[in-house]
Structure formats: C-alpha cells, structure tokens
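Right, one structure below, let's go through it.
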Amino acid sequence: MSLLLVVVLLFFSSSCSVSSGQYYVSDDCSSVTQSPCNPLSVYAGNMSQYNNTIFYFIGTTYIRYYVVTMTAVMNVTLHGLDQSPSINCNGASKTSILVYYSNDATISNILFSDCSLEIHSSNNITIANSSFIRSKSGTLQLYNAFDVKISSSLYNGYKIDIQYDPLPVCSDELPHYSLILTNVNLTQLPDAGEMQLVINNGNSYNVSIIIDHLYSAQCFSLELFESIFNFFIIKSSFHNNTFSIGFYINFGEYSSPTKCSYPVITLASNVILIEESQLYKNWHGFQITTDKYLPGTVDYHIIIKSCLMHDNEAGLFIDATFLRFLQIDIINTQFIGNGGNKIMNSNAISLSNVTVANSTYTGLTLERSLVTIKDDLIFKNNTGVVGGGLAINDSSVLIVSSSANLEFTDNHASYKGGGIYLEESTYSNTKLMTPNIPLTLINNSAGLVGGDTYGMACYQFNLTNPHISSTGNPVSLCFCDLHAINITKSCFYVSKQHIHPGQTLQYYVALLGYDYFGSLTPTDGTVQ
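If you count the sequence shown from 1, position 264 lands on 709 in the numbering used here, and the numbers rise without skipping.
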C-alpha cells in the first residue's frame, strides 16, 4: 500500500511540475552549444509545469499562431542570453504571452517585436532591460498585477494599460501593494502609443505607485476612482506629444464601491505628487478634469512641485467642477511659453513661487475659482486679448497671504488689462490677508486701456512702482473736449452751454471708470 502511494505521488509530481533548472530557447538549436535547447513552442504548450526555472533566449524567436501561457507558476524567468535576443510576434494571435495567478515572474534583456503581453492577478512581476517595439501591433496589459517593477525598458508605440480592481473578498488587514517604474522610455508612433493607469480598487487594498525617470512621448492618462492609493512621479518628462495631452488626470465615478472595513486604520488623503518633472511641446501639457458629480467620500491632494511646463500649445488646464474634495498645491513651478494656462471651478488651489512667462494667450486665467497666493507669483512677457498676465473672471476669488509677493513685468493685452484684468463681477473678491503686500507693475501695456491693471480699485497693496496705468469698468460718462490733454478735467454739462434753436450739436463722450487709486479715468464700455 505504501509503495502504491509513493508511485502515485511521483506520477502526480512529474505531471504538475518540473524540478528547478535552466532551459535554452532558440529557433535554431543546431547552432546552440548549451543544452537542453528547444524552440519556444516546445515549452509553450505547458509552461505551468516549470517552476523555479530560467529560460535563456538565444537569437530570434518567432511566435506563430500559438500563445505562451503561464498559469500558477512560481519563480520563472525569461532572460535574453546573447547580445541581441529577441521575440518576434508578427503574425501571432492577438495576445502572445499570458501570465495568470503567478508569483515571481521575470522578463529581462529581451527585445519584443509586435508582441502583446497580458499579466493578470499575479504578484512580484519584474520587467527589466527590455525593449518593446511596435510596427503593426503591440500592447502591455497589467490587470491586478501586484508588486510590479519595470526598469530600464523602452516601449516604442506600445499601448500600456495598467488597472487595479477590487479583490474578490476583503482581508482582515489592509493589504499594501506597489508599482515601481524606473528609467522607462515611452516613444510614440504617429498613430499609436498611450499609457493608461486606472485606479479602481476601492478600499479593498492600498497601492503605492512610484514613477522615477519616466520619459514619455505618449499621452499619460491617470484615471482615478474612489480608491486608496498614493502616486509619486519624480524626475520625469512628458514631451513632444503633438496629438494629445502630455499628462492627463480624470476623476471617474466608481460604480460598485468596495465596503471593506479596517477598524484600526484612519485613511488619510490620497496624495498625487509630481516633482522635478517637465512637460513640454505637447498639444496640451497637463489637465485635470471630471465630467460627473462625485460624492467625495475620498479626499485627494495633488502637489505639483519644482516642475517646468514649457512650449505646449496649451499649458495647465484644471476644471474641478465636481471635485469639491480636491486640494491642489503648485509650488516652485514655472510655466514658460505655453499658449495659455487656465484654472476653472476650483475651490482649493494654492500657488507658491510660481512663474508664468512668455504665454501667448494670457498667462493665467481664473474662472469661478478660489486661488490662494502663498509666496512669489511672477508674470513676465505674457500676451493676451483681455488680460495679458492674469485674468480673473466669473466671480473668482484671489486670496493673497501675508508672505506673498506679486510681480507683473512686460505683459501686454491687445485690448485691455495688460498686467491684470479683473472682470466686473470680481471687483470685491481680491482679498489681502494683511495690508501692504508688495505688488510690482512695470512696463505692462494694453492696446486700449488699463496698461497695468483693469478693474483693480482701492486695494491696499504696497506698490513698488506707484506710476502705473490703470482703469476699470465704466461708472459714469461726460461730454468732453476731444483735444484736451486731461479728458477728465475737460468734462462739461450740456445745460451750461448756450444752444440756439436749429443749431447743430456735436459732442464727444468720455466713459470714466475708477483707476487703482480710486480716481476717475477714461475707460471703454457700452452706453445703454
């Protein structure tokens, strides 16, 4: 009886797993001195039996009309051995390599051509020193792949999808997983290439995402649902994407929230940190949007720190219409040479040590937003139509803290408000936390009125240059002498004139608005 049991166990073991070892893979094993060597098709039929195994790839391997499937494997490595190992999947089925429910899978030192890889519900995945080149098709899909490390790899024209969904059951303690990308290069073909990261795990687990030295010429899309996560990007660049957005964050509606309970854990705000990174020469540089009302059970804190956005057709665009739970801080960041920058419908955003320069469609436009200036805010050489440097519209509120310093130099508006434009509805909504906060206005200009400011009146800034050109919306009109040097002083009333019956009358009318100092000065507008 015991002998029969031993035989049965040996049979079961041999049918389910091959003992650990190393195998060589080549389409031309006759030229390979190492053994055992076989084409990949020999192993691909039942990869699940190979645990604790290294497959060494030599030369070029072609995958034709079969799929390499690894299900429930442990500690398997695919490694390129010689100087130019490659896997070519041109002509293969839609997905070339599948990894399911596996642990400790590694891909290293291999060039993939037109291959599609899917990794599902697996742990400890490593992709290193590899290239993925697309001429016809190619995707990398990671679905609930946990503790993933991708390093020193190139993706040319690949569509990369990474998605986190809830686990089927809740754990007793909050699980923590990670995704780490280091020294990854994403290049783009004219009609392909995108990286999309979808965080939709609810409170099933916490995922920490760290992206260090990512160089992306593709659209990087971050889709956020009500979940627990932290997201950090450092020393990366998003560039030369003339067809789309360099970096895009969209908040979505979570359709089936997970209701896991962890009584000893207090959940803090989810942090999204973008630090020491550049966004340049894109169609749009950076966007934050949502198109649905969200209940706001999770708080988010976005920090843009020590970044440079330059030479984008449009630079910064934030529309936080339904994002009442979102705090945005922009710190030590420069916006240079963009088409324009706009913040809309945001009730919690701060700017500290921010420079906006050489914009071609107003340096910064605020619409229906509450913005706090915490430190230096500098506008240089921006141009626009209404508002060259800063345009404050639609009842926006600008809160200027005691440590703030505002500078506007060499800005120009083709119509009005060369330095600063305040819409009429915003007159009373610039709030100084303390009086005498420094404001510098030098050499700003406008095509018609308000070279330095339009709409700012009776505020308590400390003007470093008191000789400014300012006016505001019309509050009165008068008849005047067209040739007078001082139109305001030349105003007169019709009742004082001697008018004879039948006499032809000709009057010039001046519209007057309040300048920064509260005096009436000529302005523009409509007489009703």
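Glycine residues also receive a C-beta, built at the ideal position from the N, C-alpha and C atoms.
Here the structure is a predicted model, which means the values were calculated and not measured.
Going by C-alpha distance, which of the options is nearest residue i?
i, options, result
"residue 832", "811, 820, 844 and 865", "865"
"residue 588", "568, 576, 597 and 609", "609"
"residue 523", "836, 555 and 510", "555"
"residue 966", "921, 612, 951 and 945", "921"
"residue 542", "730, 530 and 492", "492"
"residue 684", "732, 713 and 632", "632"
"residue 503", "479, 789 and 835", "479"
"residue 923", "692, 909 and 969", "969"
"residue 913", "874, 964 and 600", "964"
"residue 672", "515, 658, 650 and 897", "650"
"residue 868", "508, 909, 580 and 917", "917"
"residue 971", "925, 960, 919 and 947", "919"
"residue 515", "490, 501 and 533", "490"
"residue 877", "753, 842, 947 and 507", "842"
"residue 535", "498, 584, 901 and 898", "584"
"residue 961", "577, 949, 910 and 805", "910"
"residue 901", "893, 875 and 880", "875"
"residue 857", "881, 826 and 883", "826"
"residue 908", "947, 822 and 881", "881"
"residue 388", "793, 757 and 773", "As displayed, the chain neither begins before 446 nor continues past 973, which places residue 388 out of reach and without an answer."
"residue 484", "499, 494 and 505", "505"
"residue 509", "704, 487 and 948", "487"
"residue 791", "470, 947, 812 and 804", "812"
"residue 782", "580, 804, 789 and 748", "804"
"residue 752", "945, 894, 799 and 551", "799"
"residue 821", "777, 663, 577 and 898", "777"
"residue 612", "482, 605, 819 and 622", "622"
"residue 895", "840, 834, 946 and 948", "834"
"residue 616", "476, 879, 925 and 707", "707"
"residue 705", "634, 618, 731 and 925", "618"
"residue 906", "925, 883, 897 and 899", "883"
"residue 731", "755, 947 and 630", "755"
Excluding the 5 residues preceding and the 5 following residue i in the sequence, name in chain order all residues of the same chain whose CB lies nearer than 6 Å to its CB.
i, result
"residue 830", "859 and 860"
"residue 676", "654 and 717"
"residue 643", "608 and 668"
"residue 674", "644, 652 and 715"
"residue 565", "545 and 588"
"residue 567", "544, 547 and 590"
"residue 620", "650"
"residue 787", "762 and 810"
"residue 529", "none"
"residue 694", "667 and 733"
"residue 815", "792 and 842"
"residue 892", "859 and 860"
"residue 500", "468, 470 and 523"
"residue 748", "718 and 774"
Give me the Cβ distance between residue i and residue j, rounded to the nearest whole Å; I'm assuming they're in contact under 8 Å.
i, j, result
"residue 775", "residue 796", "5 Å"
"residue 745", "residue 724", "Not confirmed; about 20 Å, so no contact."
"residue 638", "residue 602", "5 Å"
"residue 802", "residue 785", "Incorrect: roughly 13 Å between the Cβ atoms, too far for contact."
"residue 766", "residue 735", "7 Å"
"residue 863", "residue 889", "4 Å"
"residue 762", "residue 729", "6 Å"
"residue 885", "residue 852", "4 Å"
"residue 665", "residue 640", "5 Å"
"residue 424", "residue 696", "What the structure shows of the chain is the stretch from 446 to 973, and residue 424 is not part of that stretch, so it cannot be assessed."
"residue 531", "residue 558", "6 Å"
"residue 719", "residue 678", "5 Å"
For residue i, I'd like the list of residues in its chain whose CB is within less than 7 Å of its CB, leaving aside the five on either flank, ordered along the chain.
i, result
"residue 540", "512, 561 and 563"
"residue 507", "472 and 533"
"residue 549", "519, 520 and 569"
"residue 806", "784, 785 and 829"
"residue 448", "For residue 448, the pLDDT reaches just 36, beneath the cut-off of 50, and the residue's location in the model is therefore unreliable, although a value from the coordinates is still provided. Within the same chain, residue 448 has no close Cβ partners at all."
Going along the chain, which residues of its own chain have a beta-carbon closer than 8 Å to the beta-carbon of residue i, five neighbours each way excluded?
i, result
"residue 553", "522, 523, 524, 525, 571, 572, 573, 574 and 575"
"residue 682", "659, 660, 661, 722, 723, 724 and 725"
"residue 727", "683, 684, 685, 686, 687, 689, 690, 691, 757 and 758"
"residue 959", "902, 903, 916, 917, 920, 965 and 966"
"residue 855", "825, 826, 887, 888 and 889"
"residue 819", "795, 796, 797, 846, 848 and 849"
Is the Cβ of residue i closer than 8 Å to any Cβ of chain B?
i, result
"residue 616", "Among the chains of the structure shown, chain B does not appear; only one protein chain is present."
State whether the segment 612-629 contacts the segment 581-596, with contact taken as three or more CB pairs (one from each stretch) at a distance under 8 Å. yes
Mind pulling the beta strand (DSSP E) runs of 3 or more residues that sit fully within the segment 853-894? 857-861, 865-867, 875-877 and 883-887
Quick check: the segment 952-962 against the segment 835-854, are at least 3 beta-carbon pairs closer than 8 Å? no
As an exercise, report each continuous beta strand (DSSP E) stretch of at least 3 residues that is fully enclosed by the segment 660-703, in chain order. 664-669, 673-679, 682-684 and 690-696
Length at least 3, wholly inside the segment 732-764: the beta strand (DSSP E) runs in chain order: 745-750, 753-755 and 759-764
At 3 residues or longer, and completely inside the segment 592-625: list those beta strand (DSSP E) runs for me, N to C. 604-609
Can you check the segment 527-585 for any beta strand (DSSP E) of at least 3 residues that lies completely inside it and give the ranges in chain order? 531-533, 542-545, 548-553, 556-558, 561-573 and 576-578
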